[in-house]
Amino acid sequence: MDAPETDTGFLASLFQDPSDDDIRTVIAIIAARFPNDGAVAAELATILAASGECITVDGAVSADVASTGGPASLSTLLTPLYLRAAGAIVPKLGVPGRPAGGIDCLGQIPGYRTELSVREIGQIIDASGYAHFLAKGRMAPLDGRMFKLRQAMNAQTVPSLVAGSLLSKKLAVGVKHAGLDIRVAPHGNFGNDKIIAVANARLFVQAAQTLGIKASPVLTDARHPYQPYLGRRESLLALDDVFRGACSPWLGSHVETCRTLALACLPADLRAKVAEASPIALRRHFDDNLIAQGADPDDFDALVRDTRKAHTGHILAAHDGFCFYHLDLLRDRLVEWQGMFISEQAPFPDPVGLVLLIHPGQWVPGGTPIATVRAPESLMPDVIHRLDEVVGTPSRLPHGPDFEAING
Numbered sequence: 006m007d008a009p010e011t012d013t014g015f016l017a018s019l020f021q022d023p024s025d026d027d028i029r030t031v032i033a034i035i036a037a038r039f040p041n042d043g044a045v046a047a048e049l050a051t052i053l054a055a056s057g058e059c060i061t062v063d064g065a066v067s068a069d070v071a072s073t074g075g076p077a078s079l080s081t082l083l084t085p086l087y088l089r090a091a092g093a094i095v096p097k098l099g100v101p102g103r104p105a106g107g108i109d110c111l112g113q114i115p116g117y118r119t120e121l122s123v124r125e126i127g128q129i130i131d132a133s134g135y136a137h138f139l140a141k142g143r144m145a146p147l148d149g150r151m152f153k154l155r156q157a158m159n160a161q162t163v164p165s166l167v168a169g170s171l172l173s174k175k176l177a178v179g180v181k182h183a184g185l186d187i188r189v190a191p192h193g194n195f196g197n198d199k200i201i202a203v204a205n206a207r208l209f210v211q212a213a214q215t216l217g218i219k220a221s222p223v224l225t226d227a228r229h230p231y232q233p234y235l236g237r238r239e240s241l242l243a244l245d246d247v248f249r250g251a252c253s254p255w256l257g258s259h260v261e262t263c264r265t266l267a268l269a270c271l272p273a274d275l276r277a278k279v280a281e282a283s284p285i286a287l288r289r290h291f292d293d294n295l296i297a298q299g300a301d302p303d304d305f306d307a308l309v310r311d312t313r314k315a316h317t318g319h320i321l322a323a324h325d326g327f328c329f330y331h332l333d334l335l336r337d338r339l340v341e342w343q344g345m346f347i348s349e350q351a352p353f354p355d356p357v358g359l360v361l362l363i364h365p366g367q368w369v370p371g372g373t374p375i376a377t378v379r380a381p382e383s384l385m386p387d388v389i390h391r392l393d394e395v396v397g398t399p400s401r402l403p404h405g406p407d408f409e410a411i412n413g
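Residue numbers (the working numbering): 6 to 413.
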């Protein structure tokens, strides 16, 4: 016997200029009655996308890989380049990360335009095949309003709401092949363990299928840093290492994860081009996008050089032990420092960044350098002191991405 269809009539209040109270009511109903409903997620995505301008991509494979949020990943920066290597069109509607999302990292590069009109998006896609931009009220503006209210109501992790929000952005920009990096960790937004994340992935696929989108979610382990560069400018350092073919094994492993995310997202006949994509090809697609969005590749190179020189602080292991990074606390520290400098003129401040030197779980003697730090001179002593706790204090038992000791 078929299951009864979900009655989504309660969503009607969102159609015409809803008040905050209307939106809160819908959030509360979904959280209480439809927290894991693909039909509700699909209908919500449709309404959120229709609240603003939309673009269409004709005559080509349109693809993008989104993420469910979480620190220390480069997937939203690297996967567009792999998708471009396969010939896909990538209209990427981004949101700022905490502490470093793709769009706010690119926004560190002088001249890079993060706010674009629909006409400008079309011109950039014509020029480079890849446009990366903020919504800023033009696309799915209701999604932005709803997200802020979800935060206030502690409803950021309700699966139907998460899936609806993610898919609304794909609908708004005409993406037909939607990858999703589901970052699984206790602090994850779409599953704090693997069992829940798998169920949420299936919900996402179901909702996407209803909307005519081919969804390809992939679960990744976000309990430990994916790679060693943390910070908006530091993410650009990581890209530079990738482009120069100078990745450490730790960074190189994450690059291959990003390649896999792109492979999973695309039709089978385009995957060989992703598998073959070289660092030189990735840099070419990156430069094409920089130029199309108003930046100069030479300025990227200069920013990278300046950022490397700015790493004058050091964190040392407080005692012998196994390196363990409290990733949720580290994220909170970086976001707090960013908040001290945010303004209308500087929407994506980046006062503090660090480069981890030791892989999680590796044993080190006390006094071993664990990380280098970039921070304003006046802030550096406090930054080092507060990072010692979350970065420089090894654990007594091994705990890493591939193992965890149990103290009996």
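Backbone N, C-alpha and C fix where the C-beta goes; we use that ideal spot for every residue, glycine too.
Sequence-distant residues of the same chain with beta carbon closer than 7 Å to residue i, five excluded per side
{"i": "Ala17", "result": "none"}
{"i": "Gly134", "result": "Arg89, Ile94, Val95"}
Straight-line gap, residue i to residue j (C-alpha atoms, nearest Å)
{"i": "Met6", "j": "Gly358", "result": "Low confidence applies here, because Met6 scores a pLDDT of 45, under 50, leaving its location unreliable; read the following figure in that light. Met6 and Gly358: Cα-Cα distance of roughly 56 Å."}
{"i": "Leu121", "j": "Gln367", "result": "45 Å"}
{"i": "Leu53", "j": "Phe138", "result": "18 Å"}
{"i": "Ile201", "j": "Ser253", "result": "32 Å"}
{"i": "Ile320", "j": "Gly107", "result": "26 Å"}
{"i": "Ala282", "j": "Ala251", "result": "16 Å"}
{"i": "Asp355", "j": "Arg336", "result": "13 Å"}
{"i": "Lys153", "j": "Met345", "result": "20 Å"}
{"i": "Ser348", "j": "Trp342", "result": "13 Å"}
{"i": "Gln113", "j": "Arg238", "result": "7 Å"}
{"i": "Arg391", "j": "Met385", "result": "10 Å"}
{"i": "Thr2", "j": "Thr11", "result": "Residue 2 falls outside the range modelled here, since the chain spans only 6 to 413, and no answer is possible."}
{"i": "Ala157", "j": "Gly169", "result": "18 Å"}
{"i": "Pro302", "j": "Pro115", "result": "10 Å"}
{"i": "Gly144", "j": "Gly371", "result": "It should be noted that the sequence gives Met, not Gly, for residue 144. C-alpha separation (whole angstroms): 51 Å."}
{"i": "Ile129", "j": "Ala213", "result": "26 Å"}
{"i": "Arg124", "j": "Leu79", "result": "28 Å"}
{"i": "Leu98", "j": "Cys110", "result": "14 Å"}
{"i": "Leu402", "j": "Ile375", "result": "17 Å"}
{"i": "Asn159", "j": "Ile60", "result": "32 Å"}
Exposed unless 16 or more other CB atoms sit within 10 angstroms - verdict on residue i
{"i": "Lys174", "result": "buried"}
{"i": "Phe4", "result": "What is shown of the chain runs 6 to 413, which leaves residue 4 out entirely."}
{"i": "Asp22", "result": "exposed"}
{"i": "Met151", "result": "buried"}
{"i": "Ile285", "result": "exposed"}
{"i": "Ala33", "result": "exposed"}
{"i": "Lys199", "result": "exposed"}
{"i": "His324", "result": "exposed"}
{"i": "Ala267", "result": "buried"}
{"i": "Arg38", "result": "exposed"}
{"i": "Asp25", "result": "exposed"}
Closest by C-alpha distance to residue i, when choosing among the options
{"i": "Leu244", "options": "Ile218, Lys219, Asp292", "result": "Asp292"}
{"i": "Val100", "options": "Ile126, Leu171, Asp63", "result": "Leu171"}
{"i": "Pro191", "options": "Leu332, Val178, Ala37", "result": "Leu332"}
{"i": "Ala55", "options": "Leu82, Glu394, Ala177", "result": "Ala177"}
{"i": "Thr119", "options": "Ile296, Val388, Gly236", "result": "Ile296"}
{"i": "Glu48", "options": "Glu58, Val31, Ala160", "result": "Val31"}
{"i": "His404", "options": "Ile375, Pro365, Ser165, Val396", "result": "Pro365"}
Continuous beta strand (DSSP E) stretch holding residue i: start and end
{"i": "Ile5", "result": "Here the chain has residues from 6 to 413 only, and residue 5 is not among them."}
{"i": "Lys219", "result": "219 to 226"}
{"i": "Asp69", "result": "68 to 72"}
{"i": "Asp186", "result": "182 to 189"}
{"i": "Val360", "result": "358 to 361"}
{"i": "Val396", "result": "Note, Val396: premise wrong, no beta strand (DSSP E); not H, not E."}
{"i": "His137", "result": "135 to 139"}
{"i": "Gly299", "result": "No beta strand (DSSP E) contains Gly299, which DSSP labels as neither H nor E."}
{"i": "Ile320", "result": "318 to 321"}
{"i": "Leu98", "result": "95 to 99"}
Close Cβ partners of residue i (< 8 Å) along its chain, the five nearest in sequence each way excluded
{"i": "Gly217", "result": "Lys181"}
{"i": "Leu242", "result": "Tyr234, Val309, Thr312, Arg313, Val360"}
Nonlocal neighbours in the same chain, by C-beta distance under 6 Å from residue i, ignoring five residues either side
{"i": "His316", "result": "Thr377, Arg379"}
{"i": "Phe195", "result": "Thr73, Val167, Ile187, Asn205"}
{"i": "Cys414", "result": "The requested residue 414 is not part of the displayed model; the chain covers only 6 to 413."}
The alpha helix (DSSP H) enclosing residue i, as first and last residue numbers
{"i": "His192", "result": "Premise fails: His192 is in no alpha helix (DSSP H) and is neither H nor E."}
{"i": "Gly344", "result": "332 to 344"}
{"i": "Val210", "result": "199 to 215"}
{"i": "Tyr87", "result": "80 to 90"}
{"i": "Glu120", "result": "First-last for Glu120: undefined, no H or E at that position."}
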